[in-house]
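Novice: Dropping the structure in here first, questions after.
In mature numbering (1 follows the signal peptide of the UniProt record, and there is no 0), the protein residues as written are -19 to -1, 1 to 187.
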């Protein structure tokens, strides 16, 4: 009886804490399915960026940044790998990575619409196999545009196409931006302290 009452109290308090957590950051209306965390893309070849649609009414994606470094402080390597806007319902984009792109395991992509840059979707970290470390990256991506999307180019990326190289482990296609506020973590910490206090009080009562 004592254990059941304590368990019920714990469950109720945890539910309250979770309900009070703020919603996650807005996305660009997509969740990346490639590249996945830990997967490999190969420089000098076309690589399939793919995604699932979270919001069919989302505006076209007109910027995909190539970033690199510490996830908490990603640095922009290429400001935009796209040659033109891509409708979210296209499901992907074929990216011709310049052959002189430096090899690294800490790359990430950030997709957004420039009219609402705060709503972004992230992919990575993933590996690019390319030029030896120390090579200056070429910002001319030579990417191709999916058929039917606004802009130039005519090569469509097929949803579900695996990127060149080995597969990565499955993970969320959307990564948390480096500027994600810490209020959610602080709120969770405070809530769990409240849980511990409530459980302790219940034990003393019984």
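All residues carry an ideal CB built from backbone N, CA and C; glycine is no exception. This one's a predicted model, so the numbers in the text were calculated from it and none came from an experiment.
Since residue 30 contacts residue 102 with CB under 8 Å, what's their CB separation in whole angstroms?
Specialist: Actually they do not touch by this definition, with Cβ atoms about 11 Å apart.
Novice: Measuring only the C-alpha atoms, how far is residue 109 from residue 8?
Specialist: So the alpha carbons of these two residues sit roughly 24 Å apart.
Novice: Between 28, 105 and 85, which has its C-alpha nearest residue 92's C-alpha?
Specialist: Ranking 28, 105 and 85 by Cα distance to residue 92 puts 105 first.
Novice: Is the segment 82 to 101 in contact with the segment 38 to 54, if contact means three or more CB pairs nearer than 8 Å?
Specialist: Because the criterion of three Cβ pairs below 8 Å is met, the segment 82 to 101 and the segment 38 to 54 touch.
Novice: Since residue 56 sits in a beta bridge, which residues does DSSP pair it with?
Specialist: DSSP lists 49 as partners of residue 56.
Novice: Express the C-alpha separation of residue 32 and residue 73 in angstroms, rounding to a whole number.
Specialist: Distance between the alpha carbons of residue 73 and residue 32 is about 6 Å.
Novice: How would you write the range of the beta strand (DSSP E) that residue 112 sits in, first residue to last?
Specialist: No beta strand (DSSP E) holds residue 112; DSSP gives it neither H nor E.
Novice: Assuming residue 111 and residue 64 make a contact with CB atoms under 8 Å, what is their CB distance in whole Å?
Specialist: With a Cβ gap of about 20 Å, residue 111 and residue 64 do not count as contacting.
Novice: Considering residue 90, what are the terminal residues of the beta strand (DSSP E) in which it resides?
Specialist: Residue 90 -> beta strand (DSSP E) spans 85 to 93.
Novice: From the DSSP output, which residues share a beta bridge with residue 28?
Specialist: Paired residue(s): 76.
Novice: Note down, in chain order, each residue of its chain lying with its Cβ closer than 6 Å to the Cβ of residue 107, except the 5 sequence neighbours on either side.
Specialist: Around residue 107: 16, 20 and 88.
Novice: Mind checking residue 79: buried by the 16 CB within 10 Å criterion, or exposed?
Specialist: Under this definition residue 79 is a buried residue.
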